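Engineer: Going from the sequence shown to this note's numbering is simple: count from 1 and add 619.
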Amino acid sequence: MSSFDETEAIYVRELGIDDIAPIYHLGEGLFTSDLYPYLYRTWDEWEVIGLYNTDPEYCLVAETDGELAGFILGTIITKASWTYGYILWLGVSPRFQRRGVADLVDKVVARMIEQKC
Numbered sequence: 620m621s622s623f624d625e626t627e628a629i630y631v632r633e634l635g636i637d638d639i640a641p642i643y644h645l646g647e648g649l650f651t652s653d654l655y656p657y658l659y660r661t662w663d664e665w666e667v668i669g670l671y672n673t674d675p676e677y678c679l680v681a682e683t684d685g686e687l688a689g690f691i692l693g694t695i696i697t698k699a700s701w702t703y704g705y706i707l708w709l710g711v712s713p714r715f716q717r718r719g720v721a722d723l724v725d726k727v728v729a730r731m732i733e734q735k736c
């Protein structure tokens with residue numbers, strides 16, 4: 620594995636079908652029951668596949684030089700007279716933490732606001 624150069628740009632894009640397995644495996648290492656015994660959701664492949672199928676515009680990937688740096692999986696919910704968005708999962712590879720990858724949050728929130736959430 621190459622070392623990360625802090626000057627390398629983080630590129631954010633929509634999640635693609637080829638990202639499902641790498642995102643799942645990154646999440647598998649991040650969202651463990653040892654670290655988070657009280658997690659209200661269980662991390663499994665259906666978390667990624669389901670959101671990719673239903674809400675792809677709120678599922679973003681951060682990468683640098685073709686390597687997965689992190690991801691965000693979100694959704695919007697409409698109830699009667701209001702719509703709200705929420706983030707279900709945010710994962711950042713330990714290798715890329717504290718380097719701006721979590722700017723994914725700003726990008727997905729902006730998309731949600733565009734949809735009047």
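Glycine included, each C-beta is placed from N, C-alpha and C at the ideal position.
Since this is a predicted model, take the numbers as computed values, not measurements.
If I measure Cβ to Cβ from isoleucine 668 and keep anything under 8 Å in the same chain, skipping five residues before and after, which residues do I get?
Structural biologist: Cβ neighbours of isoleucine 668 beyond the five flanking positions: Ile639.
Engineer: Less than 8 Å between the CB atoms is what I'm expecting for serine 696 and isoleucine 706, so what's the real figure, rounded?
Structural biologist: It is worth fixing the name first, because residue 696 is isoleucine in this sequence and not serine. With 8 Å as the limit, isoleucine 696 and isoleucine 706 do not qualify as a contact, their Cβ atoms being about 12 Å apart.
Engineer: For glycine 648 and lysine 735, I'd like the C-alpha separation in whole angstroms.
Structural biologist: So the two alpha carbons sit approximately 34 Å from each other.
Engineer: Starting from glycine 646 and walking both ways along the alpha helix (DSSP H), at which residues does that stretch end?
Structural biologist: That run of the alpha helix (DSSP H) goes 639-649.
Engineer: Roughly how many angstroms lie between the CA atoms of isoleucine 732 and threonine 651, to the nearest whole one?
Structural biologist: Cα to Cα, the separation comes out at about 31 Å.
Engineer: Can you grab the Cα-Cα spacing for the pair valine 728 / glycine 704, in whole Å?
Structural biologist: Roughly 8 Å between the two C-alpha positions.
Engineer: In or out: tyrosine 630 buried (at least 16 other Cβ within 10 Å) or exposed?
Structural biologist: Exposed: under 16 other Cβ atoms inside 10 Å.
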